[in-house]
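Please read the structure below before turning to the comments.
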Amino acid sequence: MAVKNPPKKAKSVVACRKSCKAKGTGLSHYILMDKKAKK
Amino acid sequence: MTPAQKEKVSGTFSRNGPSGAAQKRCLTPFPGRYVGTGNGPALQVIDIRHPSYAALIEPDTAFWALVRRDKLAEAALGGELVEVYRKKAARFAEEMRTLRFGLTPSAVYFNPTERCNLNCTYCYIPEGMRRTGRHMSRPKLLSALEILKRYFSPPGTDRRLVAGEAPTTTMLRTVPDPGVRASGAARRRKPAPPPKPQIIFHGAEPLLNREAVFAGIEQYAGDFRFGIQTNATLLDDSALAFLREHDVSVGISLDAPTAAVADRTRSNWEGRGVHRQVLDAMDRLRGYPGWAVLATISTANLRHLGSLVEFLHAREVPTCLLNILRTTLARSRQVKPADADAARCFLAALERTHDLYRRTGRKLVVGNFANILLAILAPTARRLMCDISPCGGGRCFFAVTPSGDLFPCSEFIGLGEFCGGNLFRDPIPAVLESPAFRLVTGRRIEQIEPCRHCAIRHFCGAPCPAEAHQLHGSMHATGAFCEFYEEQVRYAFRLIADGRAGDFLWDGWDEGLDDVLDFSM
Chain A
1 MAVKNPPKKA
11 KSVVACRKSC
21 KAKGTGLSHY
31 ILMDKKAKK
Chain B
1001 MTPAQKEKVS
1011 GTFSRNGPSG
1021 AAQKRCLTPF
1031 PGRYVGTGNG
1041 PALQVIDIRH
1051 PSYAALIEPD
1061 TAFWALVRRD
1071 KLAEAALGGE
1081 LVEVYRKKAA
1091 RFAEEMRTLR
1101 FGLTPSAVYF
1111 NPTERCNLNC
1121 TYCYIPEGMR
1131 RTGRHMSRPK
1141 LLSALEILKR
1151 YFSPPGTDRR
1161 LVAGEAPTTT
1171 MLRTVPDPGV
1181 RASGAARRRK
1191 PAPPPKPQII
1201 FHGAEPLLNR
1211 EAVFAGIEQY
1221 AGDFRFGIQT
1231 NATLLDDSAL
1241 AFLREHDVSV
1251 GISLDAPTAA
1261 VADRTRSNWE
1271 GRGVHRQVLD
1281 AMDRLRGYPG
1291 WAVLATISTA
1301 NLRHLGSLVE
1311 FLHAREVPTC
1321 LLNILRTTLA
1331 RSRQVKPADA
1341 DAARCFLAAL
1351 ERTHDLYRRT
1361 GRKLVVGNFA
1371 NILLAILAPT
1381 ARRLMCDISP
1391 CGGGRCFFAV
1401 TPSGDLFPCS
1411 EFIGLGEFCG
1421 GNLFRDPIPA
1431 VLESPAFRLV
1441 TGRRIEQIEP
1451 CRHCAIRHFC
1461 GAPCPAEAHQ
1471 LHGSMHATGA
1481 FCEFYEEQVR
1491 YAFRLIADGR
1501 AGDFLWDGWD
1511 EGLDDVLDFS
1521 M
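Order-wise, the sequence lines are chains A and B. The numbering of the first sequence is our numbering, which starts it at 1 and goes up by one. The numbering of the second sequence is our numbering, which starts it at 1001 and goes up by one.
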């Protein structure tokens, strides 16, 4: 299935940020899988 | 509270300053009236090489905005954007403080053997160890996991790790301090159970000590989430069946789609490549949700990254890492690419993954780049802790060697002066506070030139301390690459500007995240 991005309106300014409890644990040699994929 | 804040609270400022709501804003970290001077927000402009947008960044809080180039002066000098930022600045500052200084270990990189059956050019473990080193015995490995289990046990349980150590109240999981306020939505959600700590069997080649490793996984399956990073040469049917049965995440190493390229840097002690064996393992892993491929970028494979991601996508690899090599040990510097070349080829490979996604609807996520996007879009959601300062070494995770020696990270295992103690002799909390660990956990980007002036310092983090130490003889220096990271951050901002960032992240990446800023005009 092809994926299309929605058309963009040319905003003057865009700023966003999301947040959660920090859990950062990994180093660059290894990554645990996507939480959805990892049952 | 800064002197300026005290001054304003005490009323000195009120003679000429704002009152009411405006005065309340003065209690943010940026009470100064003007952008760029005194106590005002220190916004920096960066050219992201986008035709329409530039970025405004407040580096300390990792705040950013994309601003149309013709509106840049207006936005940067004050007005609505700056006022929105002032309201959020305290929260953002607290997020960054927690992320940088408020986390505690939740993962252990466990080397069950010093030996490896390969002799890769860029390995950070000294050759002598890999050729003739020791295994950790099965009883020792089980004993080590028991000590780690007790260390990670929640407060209130028996957490005396070794004889004579008194229990402490130190928080032992990677969690924020209680002082960090959750958002309204987060408070309403039912709290999730704390995640299990992670044990990642790492190398050298952990499957050379398979019997002990599998005994540990079997015995402690209820206590840890396990993963294994392997060169895949020993990943036979029975090993795979065991790992699947125990839900162990598997990372395998592959640098190129063809043996002619991959074998340049990854071969056994006789110089023979192992590409075919890795491909066989990949065939057998297909369909397993918990696996990833790790590729190390060097001059040997730099121009083949595009064909590599095509190959991985065709093999239905869910996630890969395209890690630039570390030049911690001198031998790896023979295959170090120039920054600009590395950036050009890496970004081209990312674009190739996007083409594949648009054509097929199936993503191949490049995990290390996804982490940089997360560092920008949702700093606290980042999963990898190399590209933040201090890095995760010694504070979010640590490494255990076959003798039980503890290092801040696997990257330091060849550097004896960074051993902070021994798992079987020393209390882990004391090791975390040891001078050796403090050297790493105390490495702050504010002490590094040119990083302390750099607008993207909290999206890059100046990795890696082991590399910096070996290259420059100092922790207060950059690693081997700077422009490579700069270009990744610029590219990430361009993706955000073009509305493409989500295409480079896992589906559902923002589930469970709170919107703490959503501003446009």
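Don't be surprised by glycine CBs; every beta carbon is placed ideally from N, CA and C.
Between which two residues does the beta strand (DSSP E) holding K18/A run?
Per DSSP, K18/A belongs to the beta strand (DSSP E) from V13 to S19.
Using a Cβ-Cβ cut-off of less than 8 angstroms, give me the residues of the stretch 1063-1078 of chain B that come near chain A, in sequence order.
Of all residues in the stretch 1063-1078 of chain B, F1063, W1064, A1065, L1066, V1067, R1068, K1071 and A1075 have a Cβ within less than 8 angstroms of some Cβ in chain A.
Measure from the C-beta of I1053/B to each C-beta in chain A and report whether the shortest distance is under 9 angstroms.
A small fix is needed here, since residue 1053/B is Tyr in this sequence, not Ile. Output row for Y1053/B: interface = yes.
Could you round the C-beta distance between N1209/B and P1126/B to whole angstroms and report it? I think they count as a contact, below 8 angstroms.
Contact flag wrong, Cβ pair sits at about 18 angstroms.
Relative to the C-alpha of L1081/B, which residue among E1245/B, A1093/B, E1095/B and A1055/B is closest?
Comparing Cα-Cα distances from L1081/B to each of E1245/B, A1093/B, E1095/B and A1055/B, the minimum goes to A1055/B.
Less than 9 angstroms separating the beta-carbons of A22/A and R1382/B?
Yes.
Taking the alpha-carbon positions, what's the P1031/B to D1060/B distance?
Going from the Cα of P1031/B to the Cα of D1060/B covers about 15 angstroms.
Do I1046/B and F1493/B have their C-beta atoms within less than 9 angstroms of each other?
Cβ atoms of I1046/B and F1493/B: closer than 9 angstroms.
Apply the 10 Å Cβ neighbour rule to D1237/B and answer buried if 16 or more other Cβ atoms are within range, or exposed otherwise.
Under this definition D1237/B is an exposed residue.
DSSP beta-bridge partners for D1405/B?
DSSP lists N1422/B as partners of D1405/B.
Quick one: grab the DSSP three-state call for L1103/B.
Looking at L1103/B - three-state DSSP - the assignment turns out to be coil, as it is neither helix nor strand.
Taking the alpha carbon of V1293/B as the reference point, which residue from R1358/B, T1319/B and G1079/B has its own alpha carbon closest?
Here the closest residue by C-alpha is T1319/B.
Please confirm whether E1205/B has its beta-carbon closer than 9 angstroms to some beta-carbon of chain A.
Not closer than 9 angstroms to any Cβ of chain A, the Cβ of E1205/B fails to qualify, so no.
Could you name the residues of the stretch 1084-1104 of chain B whose beta carbon sits closer than 9 angstroms to any beta carbon of chain A, in the order they occur along the chain?
Those residues of the stretch 1084-1104 of chain B that come within reach of chain A (Cβ to Cβ, closer than 9 angstroms) are V1084, Y1085, K1088, R1091, F1092, E1095, T1098, L1099, G1102 and L1103.
In its own chain, which residues sit with a C-beta less than 8 angstroms from the C-beta of R1500/B, not counting the 5 before and 5 after it?
Result list for R1500/B: H1354, in chain order.
Closest by CA to Y1151/B, which one among R1438/B, I1199/B, A1241/B and L1373/B?
Taking only the C-alpha atoms, the option nearest Y1151/B is I1199/B.
Output the residue ranges of the alpha helix (DSSP H) runs that lie fully inside the stretch 1238-1266 of chain B and measure 4 residues or longer, sorted by chain position.
List check, alpha helix (DSSP H) in window: 1259-1262.
From W1506/B to F1369/B, what distance separates their C-alpha atoms?
When rounded, the distance between both Cα atoms is 12 angstroms.
Taking G1367/B as part of the alpha helix (DSSP H), name the residues at either end of that continuous run.
Start and end: G1367 to L1377.
Helix or strand or just coil, what does DSSP make of L1294/B?
Residue state, collapsed to three classes: strand.
What residue range is occupied by the uninterrupted beta strand (DSSP E) comprising I1445/B?
Per DSSP, I1445/B belongs to no beta strand (DSSP E) and is neither H nor E.
If we define contact as Cβ-Cβ less than 9 angstroms, is T1549/B a contact residue for chain A?
Residue 1549/B is absent from the structure shown; chain B starts at 1001 and stops at 1521.
If Y1085/B and V1067/B are in contact, beta carbons under 8 angstroms, what's the gap, nearest whole angstrom?
The Cβ separation is near 12 angstroms, so there is no contact.
Please report the straight-line C-alpha distance between D1503/B and L1423/B, rounded to a whole angstrom.
One C-alpha to the other measures close to 43 angstroms.
Is the number of C-beta pairs between the stretch 1419-1437 of chain B and the stretch 1456-1466 of chain B that are closer than 8 angstroms three or more?
The stretch 1419-1437 of chain B, when compared against the stretch 1456-1466 of chain B, does not touch it at the 8 angstroms Cβ threshold.
Determine, for A15/A, whether the minimum Cβ-Cβ distance to residues of chain B falls below 9 angstroms.
Yes, because at least one Cβ of chain B sits closer than 9 angstroms to the Cβ of A15/A.
Is any heavy atom of the ligand MN found at a distance shorter than 8 angstroms from the C-beta of F1369/B?
Of ligands this structure carries none, so the ligand MN is not represented either.
Beta strand (DSSP E) containing L1495/B: first to last residue?
Here L1495/B belongs to no beta strand (DSSP E); instead the alpha helix (DSSP H) covers E1483 to A1497.
Could you list which residues in chain A have their beta carbon closer than 9 angstroms to that of L1081/B, in chain order?
Chain A residues near L1081/B: V13 and A15.
Provide the residue span of the beta strand (DSSP E) that contains L1148/B, from first to last.
Counting along the chain, L1148/B falls outside any beta strand (DSSP E), though it belongs to the alpha helix (DSSP H) covering R1138 to F1152.
Only counting the same chain, and skipping five residues up and downstream in sequence, which positions put a Cβ closer than 6 angstroms to that of N1231/B?
Here the set comprises L1118, E1205 and S1253.
Could you give the DSSP three-state label for S1520/B: helix, strand or coil?
If DSSP states are grouped into helix, strand and coil, S1520/B belongs with the strands.
Using 8 angstroms for Cβ pairs, my map puts V1366/B next to N1301/B. What's the rounded Cβ distance?
That belief does not hold up - the Cβ atoms of V1366/B and N1301/B are roughly 15 angstroms apart, past 8 angstroms.
Taking the alpha-carbon of S12/A as reference, which of G1393/B, N1268/B and L1072/B has the nearest alpha-carbon?
Closest option to S12/A, Cα to Cα, is L1072/B.
Three Cβ pairs or more, each shorter than 8 angstroms: is that satisfied between the stretch 1437-1452 of chain B and the stretch 1304-1324 of chain B?
The answer is no - the stretch 1304-1324 of chain B does not touch the stretch 1437-1452 of chain B, with fewer than three Cβ pairs under 8 angstroms.
Under the rule that 16 or more other beta-carbon atoms within 10 Å means buried, what is L1077/B, buried or exposed?
L1077/B comes out exposed.
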